[in-house]
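Participant: Chains as they are written, first to last, in the working numbering: chain A, 9 to 723; chain B, 1018 to 1170; chain C, 469 to 738.
Ideal Cβ placement from N, Cα and C applies to all residues, glycine included.
I'd like to ask some things about the structure below.
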């Protein structure tokens, strides 16, 4: 069960407007959208991780009754590429397929079933090529992409050379976690009379999708509209183009609405996943535990296309030193192209991997010095005025990290011995049979930026219209389930406590508010809505006409790092979190029970207490999954477990007990003092669990997810 | 394709289905969207319905064996006290899993089994939620269980 | 065009079977590849309405479990009589899977990981097969021919599983990394009937079929022979490496499970 300290009730308790229809099963997701006369598409995908496209024979498919058309690269003018940041990804395989599942063709038929059946009738001949599946191979063999092997390389260096009296080294590896949002990709595109196209979809970023579609279709934004329907979870997995371009091309060519829905096994292959990371750490300290120097190398497996590898690498590198005072830091990071599945954004965005690296290394140091692992962190955390260890950015008006640690440690982790099968290592499998259980505790401190940073200009727009006693909010911020609309509702009510609040459906008819990612929307769109609300409030109403006010909020400026050493004012601000985990391990079998987790998180301002708790619990669930189970295994680049049978996420029977404390240290950089909430719970929960497993077993635990054999067979 | 006639949440409906079409797909193709499909393997519970009194994954049932069946979804199984509790306890974020959880929860509440934190966890273990971390859902079900027991005393 | 028949008697079911219909009861196995498009079914033989298949009959001779008995029913009805089978049933899938998944389906699918098959092997279970030609009984060990292959003839239906020898201390355990809905990496079921001097042990996911290991029985009958028992069990296995686990881990885990279950059963019979 969970307990938590009293949350601020300044904003009152909220039932989000989208919640009641969701409970009743009346909420419409993009999967539910039906347009009369719509046709259905299905995607033919490369079965190879790396192969030359020899020929596509669509004749048999086209001969099937009910099949209308098959689209391939021939339907896309040359040179039109997709990509969230770098445009490096073809709409359909042109000459070489670079990952398993890469789209080769899109068939449109009268029904979804027919379209799937028609896939079998499309004959694609391939010449398989040797796949590049390791970082080593990527760096030594020929590039698998014309833009080269390195998506990004980053060097961060601060301080004078120093070594420290004691040095520990560690090599750490993280797996390939899938966002596993429950609603599989699904959308509808339909043509409009002006030669344009409209999509009803589920995306985290309406405008970035629109930009890419405009480029591929060669249409202006006024002719390409995107409307967000209900989104069934995202966690970073809906930031890239998956089905949008195929649908738009088909709808325009056929003059009809076209829908497609992905099956789970293809969904696993279609959207980018968390970057596997390969990290080497070298931490030097004085014998009293004061950190002196840190050297880190991080290699990220980006898959063949850039997606968001650039900023993910930035995040991994800038947070590779955690929130600690370290005078000398050198970080060398590379995001590398391989023929493994594409990597991109997932909750935590590089900071999860970095946290595992630094927090595991600190535990090694603590152990070597015989200093309590929490105490060693407490001594080294940043305080007001310190330079951030990597960027050198001044740590100012941020969370009091010592208090964060203390508040986490003050929470009592439930300590009663487990008696139920469900709670023993091995669980309902009843493998323990009375054998001994090893207990361990682990602690980890997490840090990540919220908002974009690295000099990316960042704005959000909102418009409020007052009609009588109702205020209509127009914001393109995507509601993925995280509760942004509930937050915006509350903010409107700070100025208009008596009004009803309604939301226009988010679409590209509204101006840019950026992605629902980087834990940024409460701050960005919240500030935009606040600005609009304040403007509206100050307008005097003299007639019966609806009044409206719009506001574009601009985030404080940030800068790309110095090209020689990566330092600078990189980020707008940071989020901080502490996790403490208790695990119970059957060391002979290597089976792990995550028994309890306590956490303290600085949430800036509690706007919606229920949703904050939900974000914390949800992130911890993903952290648990990543620590002990979640990895998309891709031997030779081919997914072995792209199904829910073998890609295991925690169920209700696997969740640990969770105890939560939240701190409210408002961020002075935005009018409401808001801090992002969504990501931190996933940033350090995995590291805390791994540290606990290491303590319980005495095994190196150098990778997550931890496998039974890492404990049972390791030396 | 054949016609399948069954009762859905109390009303007669006619579905079109091939032999290989699951009840889930036949329902959704006909515009009945109270059951969702997140995996179509029986591993997530999003498609959970009650057929002739038996709670099961509708993705694993061919539509054509459901002729004359009585199919119930969240629409007929949800009670207001559970709806309120779900809302208050943060049991819903994206909501995609919610209708399935309602079916599982109402079945647990209707059973003679006494519900505790542990038995609720076990009963809901066949429904995946990716957003909430489950505790809000478990608490909501426990609260309703207690209230209904008290109301029956 | 496909047809579905939903007979209410075994005889009508057999007639439908002769028309090439695909058998379905729980559907929890057969529908998965169908949904994925990897399998296509033209016509179903729906056994859900054949009540006679859903009966558990207890007699002086033993227990006859109808092929259509669900794991939900086995989980509760047999918890005292055949506790290892009841426990194995309770680990299948999830609550909703167990509501419809049948023991007949599990046995007929014959997966090397088949949870309910292990306790049945330790009970020397017999499989009853019916066809229009008559009825025959086959020991379960002979019924399981290879990975997902059985000796069922195409015109036969699995109608029941009979167990006569299910007494004694018994335990079923399966290694998985989650508490529900998990295919076992390695599993074991052992039974020790000291009164009658009978010992049985079966292992799953460590060979092409679930394995009844006769060579280890004698060691199970001796109190201080846990290590030897474990060695014999592992020797009889031939696990493979796959994405769930390596052969090395499976061998190791099997050895640990075997040693533990030996100690446990001897403790329980003190």
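Compare the C-beta of residue 716 of chain A with all C-beta atoms of chain C and state if any pair is closer than 8 Å.
Facilitator: Yes, its Cβ sits closer than 8 Å to a Cβ of chain C.
Participant: Which of helix, strand or coil does DSSP assign to residue 620 of chain A?
Facilitator: The answer is helix: DSSP assigns residue 620 of chain A an H, G or I state.
Participant: Quick check on DSSP: helix, strand or coil for residue 483 of chain C?
Facilitator: Three-state DSSP puts residue 483 of chain C in a helix.
Participant: Report the residue ranges of all beta strand (DSSP E) runs contained in full by the segment 327-411 of chain A; include only those spanning at least 3 residues, in chain order.
Facilitator: Those beta strand (DSSP E) runs which fall completely within the segment 327-411 of chain A and span 3+ residues are 336-344.
Participant: Just to check my reading of the structure: residue 669 of chain C and residue 688 of chain C have Cβ atoms closer than 8 Å, yes? What is that Cβ distance to the nearest angstrom?
Facilitator: Indeed, because the Cβ distance is near 6 Å, the residues count as touching under 8 Å.
Participant: Count Cβ pairs between the segment 179-192 of chain A and the segment 212-219 of chain A that sit closer than 8 Å; are there 3 or more?
Facilitator: Not touching, per the Cβ criterion.
Participant: Just the C-alpha distance for residue 182 of chain A and residue 483 of chain C, rounded to the nearest angstrom, thanks.
Facilitator: Cα to Cα, residue 182 of chain A sits roughly 56 Å from residue 483 of chain C.
Participant: Measure the C-alpha to C-alpha separation of residue 487 of chain C and residue 475 of chain C and round it to an integer number of angstroms.
Facilitator: For residue 487 of chain C and residue 475 of chain C, the distance between alpha carbons rounds to 13 Å.
Participant: Could you tell me the distance, in whole angstroms, from the CA atom of residue 478 of chain A to the CA atom of residue 451 of chain A?
Facilitator: Each residue's alpha carbon lies about 48 Å from the other.
Participant: What residues from chain A crowd round residue 732 of chain C, counting only those whose CB sits closer than 7 Å?
Facilitator: The contacting residues are 441, 442.
Participant: What ranges does the alpha helix (DSSP H) occupy inside the segment 476-523 of chain A, keeping only unbroken runs of at least 4 residues that lie completely in it?
Facilitator: The qualifying runs are 492-503.
Participant: May I ask you to report which of helix, strand or coil DSSP gives residue 14 of chain A?
Facilitator: Caution applies to residue 14 of chain A, whose pLDDT of 39 falls short of 50 and renders its modelled position unreliable; the value that the coordinates give is listed next. Correct three-state label for residue 14 of chain A: coil.
Participant: What's the gap between the Cα of residue 14 of chain A and the Cα of residue 1023 of chain B?
Facilitator: At residue 14 of chain A, the pLDDT of 39 sits below 50, so the modelled position is not reliable and the matter cannot be decided from this model.
Participant: Applying a beta-carbon distance threshold of less than 8 Å, which residues of chain A neighbour residue 636 of chain C?
Facilitator: Residues of chain A passing the Cβ test: none, with the nearest at roughly 16 Å.
Participant: Checking the sheet assignment: what are the DSSP bridge partners for residue 458 of chain A?
Facilitator: DSSP, once it has assigned bridges, lists A:581 as partnering residue 458 of chain A.
Participant: In chain B, what lies closer than 7 Å to residue 520 of chain A by C-beta?
Facilitator: Here the premise fails: no neighbours, minimum Cβ distance about 23 Å.
Participant: Apart from the five residues on each side of it in sequence, which residues of its chain come closer than 6 Å, Cβ to Cβ, to residue 700 of chain C?
Facilitator: So the list reads 683, 684, 687, once near-sequence residues are dropped.
Participant: Is the distance from the Cβ of residue 474 of chain A to the Cβ of residue 555 of chain A below 8 Å?
Facilitator: Their beta carbons are under 8 Å apart, which means residue 474 of chain A touches residue 555 of chain A by this criterion.
Participant: From the beta carbon of residue 616 of chain C, is the nearest beta carbon of chain A less than 8 Å away?
Facilitator: Judged by the 8 Å Cβ criterion, residue 616 of chain C is not in contact with chain A.
Participant: Within 10 angstroms of the Cβ of residue 252 of chain A, are there 16 or more other Cβ atoms? Answer buried if so, exposed if not.
Facilitator: Residue 252 of chain A is buried by the Cβ-count criterion.
Participant: Against chain A, with Cβ distances strictly below 8 Å, would residue 716 of chain C count as a contact?
Facilitator: With 8 Å as the cut-off, residue 716 of chain C counts as an interface residue toward chain A.
Participant: If you follow the beta strand (DSSP E) that residue 642 of chain C is part of, which residue opens it and which one closes it?
Facilitator: 637-643 is the span of the beta strand (DSSP E), which, as asked, contains residue 642 of chain C.
Participant: Does DSSP classify residue 26 of chain A as helix, strand or coil?
Facilitator: Residue 26 of chain A: coil per DSSP, three-state reduction.
Participant: Looking only at its own chain, which residues have a Cβ that is under 7 Å from the Cβ of residue 1153 of chain B, when we skip the five neighbours before and after it?
Facilitator: Once the five neighbours on either side are set aside, the close Cβ partners of residue 1153 of chain B are 1106, 1107, 1108.
Participant: Compare the C-beta of residue 1155 of chain B against all C-beta atoms of chain C and say whether one is closer than 8 Å.
Facilitator: Chain C, which has no Cβ nearer than 8 Å to the Cβ of residue 1155 of chain B, makes this no.
Participant: Going along chain B, which residues have a C-beta under 8 Å from residue 28 of chain A?
Facilitator: Those are 1100, 1104, listed as they occur along chain B.
Participant: Report the residue from B:1019, B:1046, B:1070, B:1039 whose alpha carbon sits nearest the alpha carbon of residue 564 of chain C.
Facilitator: When only C-alpha atoms are compared, the closest one is B:1070.
Participant: DSSP has residue 233 of chain A in a bridge; who is on the other side?
Facilitator: Per DSSP, A:206.
Participant: With 7 Å as the C-beta to C-beta threshold (strictly closer), list the residues of the segment 676-697 of chain A near chain C in chain order.
Facilitator: For the segment 676-697 of chain A, which is checked against every Cβ of chain C, not one residue is closer than 7 Å.
Participant: Would you mind reading off the limits of the beta strand (DSSP E) that contains residue 76 of chain A?
Facilitator: Here the beta strand (DSSP E) through residue 76 of chain A covers 75-79.
Participant: Which runs of the beta strand (DSSP E) spanning at least 3 residues fall entirely within the segment 650-691 of chain C, listed in chain order?
Facilitator: List check, beta strand (DSSP E) in window: 654-661, 666-672.
Participant: For residue 322 of chain A, collect the residues of the same chain with a Cβ closer than 6 Å to its Cβ; drop the 5 residues on either side in sequence, then sort them by chain order.
Facilitator: Counting only Cβ-Cβ distances below 6 Å, and skipping sequence neighbours, we find 462.
Participant: Cα separation between residue 442 of chain A and residue 587 of chain C?
Facilitator: The straight-line gap from Cα to Cα measures roughly 21 Å.
Participant: Is residue 653 of chain C closer than 8 Å to residue 644 of chain C when the C-beta atoms are compared?
Facilitator: Result yes, Cβ atoms of residue 644 of chain C and residue 653 of chain C sit closer than 8 Å.
Participant: Tell whether a beta-carbon distance below 8 Å holds between residue 610 of chain A and residue 683 of chain A.
Facilitator: Yes.
Participant: Would you call residue 497 of chain C buried or exposed, if buried means 16 or more other Cβ atoms sit within 10 Å of its Cβ?
Facilitator: Answer is buried; the Cβ neighbour count reaches 16.
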